[in-house]
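Numbering (the working numbering), first residue to last: 1046 to 1198.
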């Protein structure tokens, strides 16, 4: 993969991770469930780590993170969070599952293109965490639907 394409891919992740930080921070603020609230806060912190990892990787390639990403990421994160919190917890989980799945998919694609071991390590660690986030949301949604089916909610 050439450097220009690699930087474009890393800037895509930079934007996506910034969006997820905003999304989880806003969902955290809006949640009425103490457990979910803490999980969302934790996820926002993990995503902030991803932002820093990607930023460092971009700088190691002799470039700076996209200013567009710094503007667009938070702009898209806020409306997603407002919509998901307006339409309930299951929909909150659905949008988060979708975003985490997209992130994991895109990480897998880039991992298969990268040869630099240091960058590969960053991408793999971020990808693992995206998979874990997605799995948590999938399980929580399953449990919530199970409770609804049994009439516990």
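The C-beta atom is built at its ideal place from N, Cα and C for all residues, glycine as well.
- If you draw a straight line from the Cα of residue 1189 to the Cα of residue 1087, it is about 20 Å long.
- A Cβ-Cβ distance of about 15 Å is found for the pair residue 1091 and residue 1059, leaving them out of contact under the 8 Å criterion.
- Secondary structure of residue 1106 (DSSP, three-state): coil.
- In the structure shown, the three-state DSSP call for residue 1163 is helix.
- When secondary structure is reduced to three states using DSSP, residue 1138 falls in the helix class.
- In this structure, the alpha-carbon of residue 1075 lies about 16 Å from that of residue 1139.
- Here residue 1180 is exposed, its C-beta having fewer than 16 other C-beta atoms within 10 Å.
- In the structure shown, the three-state DSSP call for residue 1047 is coil.
- Pairing residue 1108 with residue 1151, the inter-Cα distance amounts to about 21 Å.
- With respect to residue 1144, residue 1155 sits apart: the two C-beta atoms are not nearer than 8 Å.
- In this structure, the beta-carbon distance from residue 1148 to residue 1050 does not fall below 8 Å.
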